[in-house]
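For the record, the sequence lines run as chains B and E.
Everything in the first sequence is counted per the numbering used here, starting at 1 for the first residue and increasing by one.
Everything in the second sequence is counted per the numbering used here, starting at 294 for the first residue and increasing by one.
Note that beta-carbon positions come from the ideal geometry of N, C-alpha and C, so glycine has one too.
Shown next, in structure tokens, is the structure this report addresses.
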Amino acid sequence: MSTVLPAAQAGFAHLHEHKKPRRALPTRTLIFAGLAYLVAAFFLLPYIEMVISALRPQNQLLDRNYLPSHFDWYNFIDIWSTGFGNNLRISLEVAGGATVLVLLVAVPAAYYTARQRFRGRNAFLLLVLVTQMFQPTAMLVGLYREFLSFNMLDSVMALILVNAGFNMAFAVWILNAYVSAIPAELEEAAFIDGSSRIGALFRITLPLALPGVVTALIFTFISAWNEFIVALTLTTSPQTEPLTVTLNSYIGQYQVDWSHLFAGSVIATIPVIILFSLIEGKVVGGLTAGSIK
Amino acid sequence: MGVLTAEQSVTTRVRRKAWSPAKLAPLLWVGPAMLLIAVVVLWPVVIMIRTAFQHISPDGFILGSAGWKNFVYLWQEPDLPGILIRTVIWVVSIVACTMLISLVLSQLFNQKFPGRRAARWALIAPWAASVMMTSIVFRWALDANNGVINVFLNDIGVLYGYNNNASDWLGRPGSAFTWMIIVAIFVSIPFSTYALLAGLQGIPSDIYEAAKVDGASPWRTYRSITLPLLRPAFIVALLINVMNVFNSFPIIWEMTRGGPGHRTSTTTTFMYQLKQSYIGESAAMSVVNFGMVVIIVLIYLRVTVWGKDEAS
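Here it is in structure tokens:
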């Protein structure tokens, strides 16, 4: 941008020989790029190690090296014999159920607070913000005793409710912002054509707010999928626990079942990282929107 | 925007006058959300506080009121002072390091360079992945026998040999706690960097151009323009981090389970350990933790728009 060093110009000129004349990258930019790539690679390291460890052949698991002599898919096949599939299904049910529930309660709330000024609106938004700040960890004892008294320990429904409750705020903020940005005239036109408010919401507003809906959907799914401590508290048997708790149970007091642990972690982690990358740019907005009302 | 709200309020007013049951309409739209919050967030708080004052047997029977006894037992725990000190160190060191590193990284990732999208994308991995699984990888990488971090430290000549005291990072409380702080910083940086990046992008570029015209040095520009304008984003990210780090459970649980003894526990993991033995005392610890959470929330409300609104 600012200073183009002759050396850099000369060194990279050949790269652009066949294209139309273009300025070579300044040294400053190259240094920034190099640093940024290094940082980025550093943040990927644990997940690369996770994949490598999962692919280590059994007899090389405890070797003191960075890479095994060859990769072995055995762990990914063997893990299904441990009942892992059942826990995967529970995780899918919990995350899927929580996502559906969040959309069911957050869409009307976000839509209404964006479109109408009513008494108690600010109080409601404040309550949502406080919910977002609270974390289930602090009130674990209360959650445990509540669901115990409902006779809902070991139930998928309990996990759906808790995950939906604590992730609803994010969906409310992000949807609220998207709906606010859509001109109300569009809906009013639909009213004139005889459409009801709900009809206008579904036919006009929601399709326009689709990126917000998708962001809320993916975020809730990932949060519920990754949730650990509530599931650890509200489930008591291997048949009813989601993935995170199952993986935790591979860590025994004296022995750790590393090969199954990493195969399971890869299955549970890699899809989530890819999914998250789709909404990466929008998440901060949903997490901090409450602070700017 | 202004025209819109005026129109909206007109329609609302007309509707309200014409049809009075419409006053209940808001409840129809926000009611389900309120019900969910009541069941999953508010009611557990009530139960938790009640449990803290109950005498409950290990098999779950309520044996009557305990008065303040649960809190007295908690106060008398010999490990409590260490746990409280460690909790303060945990929150302060992690949040401070995270915010400082994120300031630098957000500046770096805000530069224009080829492949910026891909580099930013890589940064999200620890944010998207379950903290619990990230912690497990670090536990594995620190293994005294064959952990890859120990392999690396042996290669560069910092460590000599395996299965010795030096390579057993998680076996010694001091080094275990330090490593867990590093892991916590590692998983907190992506969100903080993204939050600061969003703040940086919100600063209008013409201010920078004006500074350039005035001949301000880059450092001067950063101190007088970037930092003050970044303040709101910085404070919000900082407080969200304080909340997350204070409530952090999986890192300590997966790497040491709070041990040896309770010597790497914070109040959050200690609360969980108490829950498995004596739930009344655990509830007392929860109430203390929850008090801390409420204080953080109040500060958050105070420093953001909500606080300014109430003041006026």
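Query raised in the report: Within the 8 Å Cβ cut-off, does residue 258/B reach chain E?
Result: yes
Requested in this report: Determine the chain B residues that contact residue 494/E at a beta-carbon separation under 8 Å, and present them in chain order.
Outcome: Going along chain B, no residue has its Cβ under 8 Å from residue 494/E, so there is no contact; the nearest lies around 10 Å.
Requested in this report: Express the C-alpha separation of residue 380/E and residue 589/E in angstroms, rounding to a whole number.
Outcome: 15 Å
Query raised in the report: Going by the C-beta, is residue 539/E closer than 7 Å to any heavy atom of the ligand PLP?
Result: The ligand PLP is not among the ligands present in this structure, which contains no ligands whatsoever.
Requested in this report: List the residues of chain B whose Cβ lies closer than 9 Å to the Cβ of residue 534/E, in chain order.
Outcome: In chain order: nothing, as chain B lies at least about 11 Å away.
Query raised in the report: What are the boundary residues of the alpha helix (DSSP H) that includes residue 555/E?
Result: Run containing residue 555/E: none; DSSP gives neither H nor E here.
Query - As assigned by DSSP and simplified to three states, the class of residue 239/B - result: coil
Query - Supposed close pair residue 232/B, residue 213/B - CB separation, criterion 8 Å - result: About 31 Å separates the two Cβ atoms, so there is no contact after all.
Requested in this report: Return the residue from the list 225/B, 113/B and 55/B that minimises the CA-CA distance to residue 163/B.
Outcome: 225/B
Query raised in the report: Do residue 33/B and residue 408/E have their CB atoms nearer than 8 Å?
Result: yes
**Report entry** Residues of the region 421-442 of chain E whose Cβ lies closer than 7 Å to any Cβ of chain B, in chain order
**Finding:** 421, 422, 423, 425, 426, 427, 429, 430, 431, 433, 434, 438, 439 and 441
Report task. Using a Cβ cut-off of 8 Å, pull out every chain E residue sitting near residue 166/B, in sequence order please. Result -> 333 and 334
Query raised in the report: residue 195/B lies in the alpha helix (DSSP H); which residues open and close that run?
Result: Unbroken run through residue 195/B: none, as it is neither H nor E.
Report task. List the residues of chain E that residue 104/B touches, going by C-beta distances under 8 Å, in chain order. Result -> 325
Query raised in the report: With a Cβ-Cβ cutoff of 8 Å, do residue 254/E and residue 169/B count as a contact?
Result: Because chain E is modelled from 294 through 605, residue 254/E falls outside the range shown and cannot be assessed.
Report task. Evaluate residue 341/E with the Cβ neighbour count: other Cβ atoms within 10 Å of its Cβ, from every protein chain shown; 16 or more gives buried, anything less gives exposed. Result -> buried
Query raised in the report: Helix, strand or coil: which one does DSSP assign to residue 70/B?
Result: coil
Requested in this report: Would you please verify whether the beta carbon of residue 196/B is less than 8 Å from any beta carbon of chain E?
Outcome: no
Query raised in the report: Contact check, residue 263/B vs residue 65/B under 8 Å by CB: the rounded distance?
Result: That belief does not hold up - the Cβ atoms of residue 263/B and residue 65/B are roughly 20 Å apart, past 8 Å.
Query - Cross-chain neighbours of residue 590/E in chain B, by beta carbon under 8 Å - result: 130, 133 and 134
Report task. Give every residue of the same chain whose Cβ lies closer than 8 Å to the Cβ of residue 432/E, excluding the five residues on either side of it in the sequence, and list them in chain order. Result -> 463, 547 and 548
Query raised in the report: For chain E, is any of its Cβ atoms less than 8 Å away from the one on residue 63/B?
Result: yes
Requested in this report: Name the one or two DSSP bridge partners that residue 468/E has.
Outcome: Partner(s): none; residue 468/E has no beta bridge.
Report task. With DSSP collapsed to three states, give me the class of residue 321/E. Result -> helix
Query raised in the report: Closest to residue 156/B by CA distance: which of 38/B, 93/B, 99/B and 132/B is it?
Result: 93/B
Query raised in the report: Would you call the CB atoms of residue 62/B and residue 438/E closer than 8 Å?
Result: yes
Requested in this report: Could you tell me how far apart the beta carbons of residue 67/B and residue 52/B are, in whole angstroms, since I believe they sit closer than 8 Å?
Outcome: 6 Å
Query raised in the report: Within the 8 Å Cβ cut-off, does residue 178/B reach chain E?
Result: no
Query raised in the report: Could you check where the alpha helix (DSSP H) with residue 375/E kicks off and where it finishes?
Result: 373-402
Query raised in the report: If we count the other Cβ atoms within 10 Å of its Cβ and call it buried at 16 or more, is residue 258/B buried or exposed?
Result: buried
Query raised in the report: Which residues in the same chain as residue 186/B place their Cβ atom closer than 7 Å to its Cβ, once the five residues preceding and following it in sequence are excluded?
Result: 204
Query - Residues near residue 461/E in its chain [Cβ-Cβ closer than 7 Å; skip 5 each side] - result: 437
Query raised in the report: Taking Cβ positions only, does residue 392/E come closer than 8 Å to chain B?
Result: no
Query raised in the report: Does residue 79/B come within less than 8 Å of chain E when only Cβ atoms are used?
Result: no
Query raised in the report: Can you find a CB in chain B that lies within less than 8 Å of the CB of residue 478/E?
Result: no
**Report entry** Sheet register partners of residue 347/E (DSSP bridge)
**Finding:** 358/E
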